[in-house]
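Numbering (our numbering), first residue to last: 1 to 236. Data first, discussion second: the structure below is written as structure tokens.
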């Protein structure tokens, strides 16, 4: 594979070693955010509501309770909330089972690198346990992580730091020696609040202003992350 050019500000960010990596899942490992957004739009249509894609994207990276709050604020208390999200889950499963779920660029080479250096890794996701396990198995990643923390495993989801703190604990690495990989605003804020360095790989949303301040770097894809990690792991 062609090595990526590492941005200068990321190339110099080597003050602390990396002993563990915590990944977000949707939009970072899996090209699933587009599917989830399409499923929201289709679920709305099935229930007689024209829900714009721009509104659906406002829910990216937001925990389930937060999504429900956004929908209530936009569509009122009479909106069929449970039917809506249940229908979205059915539609999304149809998409996934029809082979539309694929890996994001650079996932496998990055995981192979972590294998080579025996770096433990975890997932911290806002998805449910069922969806997490099902999707990872479908794309062949179910054996590639030492731990997974889902929304069912925490009392507070992203942007609260609990998912990242629990993931770091599960792989036995202090937060300051972890690296988080995220695509969403709430996820980057969660990692930062947990005291974990975070690299952001934007998916459907461009980073908010505060993310530029909180992130170690904002890069195009995971191939850049791999190049960075290869450099610092070889130097350790």
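Don't be surprised by glycine CBs; every beta carbon is placed ideally from N, CA and C.
Neighbour-count burial assignment, residue i, 16 or more Cβ in a 10 Å radius
i	result
residue 19	buried
residue 52	exposed
residue 54	exposed
residue 137	exposed
residue 24	buried
residue 143	exposed
residue 175	buried
residue 47	exposed
residue 80	exposed
residue 44	buried
residue 61	buried
residue 106	buried
residue 158	buried
C-beta contact flag for residue i and residue j at 8 Å
i	j	result
residue 222	residue 197	no
residue 167	residue 124	yes
residue 95	residue 35	yes
residue 173	residue 162	no
residue 33	residue 203	yes
residue 184	residue 27	yes
residue 208	residue 160	no
residue 56	residue 77	no
residue 64	residue 151	yes
Residues near residue i by beta carbon distance below 7 Å, same chain, minus five either side
i	result
residue 30	101, 103, 104, 135, 139
residue 188	182, 198, 200, 211, 214, 215
residue 59	67, 70
residue 192	198, 214
residue 230	113
Strand pairing of residue i, partner residues [DSSP]
i	result
residue 26	30
residue 197	179
residue 123	23, 148
residue 218	200
residue 110	Looking at the DSSP assignment, residue 110 forms no beta bridge with any residue, so it has no partner.
residue 103	30
Contact set for residue i: own chain, Cβ-Cβ below 6 Å, skip 5 residues either direction
i	result
residue 39	88, 91, 92
residue 179	18, 21, 197
residue 218	200, 207
Contact test: residue i Cβ vs the ligand GTP heavy atom, cutoff 7 Å
i	result
residue 232	Summarising the ligand content, the structure contains no ligands, and the ligand GTP is consequently not present.
Between the segment 95 to 111 and the segment 208 to 227, do at least 3 Cβ pairs fall closer than 8 Å? Yes: the two stretches touch, three or more of their Cβ pairs being nearer than 8 Å.
State whether the segment 187 to 196 contacts the segment 158 to 177, with contact taken as three or more CB pairs (one from each stretch) at a distance under 8 Å. With contact defined as three or more Cβ pairs closer than 8 Å, the segment 187 to 196 and the segment 158 to 177 are in contact.
I'd like to know if the segment 142 to 154 and the segment 116 to 123 are in contact, where contact means that at least 3 CB-CB pairs between them fall below 8 Å. Remark: three or more beta-carbon pairs, one from each stretch, lie closer than 8 Å, so the segment 142 to 154 and the segment 116 to 123 are flagged as touching.
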